[in-house]
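Sequential numbering of the sequence shown, starting at 1425, is according to the numbering used here.
Yeah, the Cβ is synthetic: ideal placement off N, Cα and C, and Gly gets one too.
What follows is one structure encoded as structure tokens, with my remarks underneath.
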Amino acid sequence: MNQAKLSPIRQQRQRSFTLRQRLPHWSTLLLWAGALLVMAGLLLPTVYLLIRAFETSEAALQIFMRPRTWVIIGNTTGLALAVTAVSALIAVPIAWLTVRSDLPWRRFWAVVTPLPLVIPSYVGAYLYISALGPRGALQQLLEGLFGITRLPSIYGFTGALFALTLMCYPYMLLSVRAALMRMDPSLEEASRSLGHNATTTFWRVVLPALRPALGAGGLLVALYTLRDFGAVAIMRFDTFTRVIYLQYSSFDRSQAAFFALLLIGLTLVLVTFEAQTRGAARYAHASGAVARPPTIIALGRWRWPAFVFCALIVSLSLVLPLTILIYWLVRGLLAGEQMGNLGSAVWNSLLASGGGALVTVLAALPLAVLVVRRPGRFTALIEQMAYSAFALPGIAVALALVFFGISYARGLYQTFAMLLFAYAILFLPQAFGALRTSLLQIHPGLEESARSLGYRPPQVFLRVTAPLMRPGLLAGASLVFLTAMKELPATLLLAPLGFRSLATEIWSAVSEAFFARAAAPALLIVLLSSVPMALLSLRERRGMS
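Shown next, in the form of structure tokens:
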């Protein structure tokens, strides 16, 4: 009789337990809530562009049918694909040489090869023209030595490809090198034991395993090229960003918004293509981390040619621009140029870039976890939205947030929080790509093992997943910090009144043709951005050794 009375109670407890098992954990709900909040922020500029672009639908259709529109689409797509391809030809060999070979000065090259990221595109393009243009420093030197009066023009597609490749290849380099450091060396050893040499092992084992890193890094290069304004404007090559800027300058915001929407559409095409080529393959290894360093490959007779290759890339991408900058600085100081007080600009740049890096990584984290650990149609849409944000021109995002602040959030208009919000929208793909690549290399079985030991999902993430993701977290934060340090349109339009950063100081000087005055803040950007990049590279080397 007592058992009959207890039976309904047991049944109720069993139903309650089953219900708790079926309901998602509160951390999962928090994860989805954070992802939806980030997606809402990403959609804000696009909604603004849609409202502006389709104020007159007939005009939008006419713009789309113009032959010049299709020329701009071809220019933009061709430049993005070319920069990505050439960047891969530079980044993959350097990554392998600095991680897996006995390259002379290997640690030095690992530190300096990512440093071109610290040079703003508008500064780098001008410096290349100053050095290699028709009337640049190289032409003047050759004229004095050999009587050469004019060099071929660097303007147009060639100049934009040259400048953007040398400033963008570190995006792919960092991604590929991080993947190489976490790759299980037993895969290569198994290939070597089957009689394959180092070259065959690279093509059949290493390169296929690098597909996620190549996809993430290549996508960042392509998206950076799509949204870059400084290099294409100075090189006089018409892409979407240059046309959008010209339309905004002439106060034709509807046409500019329509071109920005076309740019977003082109970005979605690239993101979809990268997702399809990536496929559903698994790239994680079963162990939590590489237990021992990989075998270093002896280059033999290729040792010094590899050294020359690294030296040439660093000379063109870093030494040459810095030499021209120092020349302008010395020339200005000798001429009595006033450099002004840059202390507040340095502090503001560090504060904004550091805050932007922290906010952006936190915003990208729930997206990366959902995309990697819960793949599906909706999370695939999240991934596409995350990458499409990188194609938004900075001026379009800034104007959208100005409209939002004036109309709906006056308390946030021209505040530091609004500036960080803009940085999070603009640079989310950089953090997302690094976090996604890092998560792909963490075997889900490790997290499942921790769950079986009684740890709850937040404890699993903090004790297992986050430590293994540390290289990706650091790489993502560093990329955002470097890019935020150089960001110009959003800083000009959204920063609080009286907010002076190094980027705004450079633009103010260059726009007035005071190139010597721009040299000091430009060099400070390079020096300040080089510190975290060098520390990241050294940390990676210690983790590998």
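Burial state of residue 1652 is buried, judged by a 10 Å Cβ sphere holding 16 or more other Cβ atoms. Listed in chain order, the non-local C-beta contacts of residue 1530 below 7 Å within the same chain comprise 1522, local neighbours out to five positions each way being set aside. Put simply, the backbone Cα of residue 1581 is about 35 Å away from that of residue 1772. It is roughly 8 Å from the alpha-carbon of residue 1788 to the alpha-carbon of residue 1810. Its chain contains 1528 as the residues whose beta carbon lies nearer than 6 Å to that of residue 1731, once the 5 sequence neighbours on both sides are disregarded; these appear in chain order. Between residue 1548 and residue 1596, the C-beta spacing is not below 8 Å. In this structure, DSSP gives residue 1930 a helical state, which the three-state scheme calls helix.
The C-beta distance from residue 1784 to residue 1848 rounds to 5 Å, short enough to meet the 8 Å contact threshold.
Contact between residue 1947 and residue 1928 fails: their C-beta atoms lie close to 16 Å from each other, not under 8 Å. The Cβ-Cβ distance between residue 1602 and residue 1861 falls below 8 Å. Counted as a single uninterrupted DSSP element, the stretch harbouring residue 1726 is not any alpha helix (DSSP H), since DSSP gives it neither H nor E. About 5 Å separates the beta carbons of residue 1578 and residue 1557, which is inside the 8 Å limit, making them a contact pair.
Taking the Cα positions, residue 1740 is about 12 Å away from residue 1539. For residue 1529, there is no enclosing alpha helix (DSSP H), since its DSSP letter is neither H nor E. Unbroken alpha helix (DSSP H) stretches of 4 residues or longer found wholly inside the stretch 1750-1808: 1767-1797, given in chain order. 8 Å or more divides the Cβ of residue 1845 from the Cβ of residue 1458.
The shortest C-alpha to C-alpha distance from residue 1496 to any of 1743, 1666, 1843, 1744 is the one to 1666. Relative to the Cα of residue 1869, the nearest Cα in the group 1697, 1888, 1855 belongs to 1888.
Cβ contact annotation for residue 1463 (same chain, cutoff 7 Å, sequence separation greater than five): 1806, 1809, in chain order. The C-beta of residue 1752 has 16 or more other C-beta atoms within 10 Å across all chains shown, which makes the residue buried.
Within the stretch 1449-1495, no run of beta strand (DSSP E) at least 3 residues long lies entirely inside it.
At least 8 Å separates the beta-carbon of residue 1510 from that of residue 1649. Here residue 1658 carries a helix assignment [DSSP, helix/strand/coil]. Taken through DSSP and simplified to helix, strand or coil, residue 1866 comes out as strand. Within the DSSP secondary-structure output, residue 1876 pairs in no beta bridge. Residue pairing for residue 1525: DSSP places it in a beta bridge opposite 1721.
The DSSP assignment places no complete run of the beta strand (DSSP E) inside the stretch 1567-1645 (cut-off: 3 residues). In the DSSP assignment, residue 1901 falls within the alpha helix (DSSP H) that extends over 1894-1910.
Measuring C-alpha to C-alpha distances from residue 1473 to each of 1520, 1800, 1813, 1505 identifies 1813 as the nearest. Between the alpha carbons of residue 1655 and residue 1775 lies a gap of roughly 26 Å. Under the three-state reduction of DSSP, residue 1817 is assigned to coil, being neither helix nor strand.
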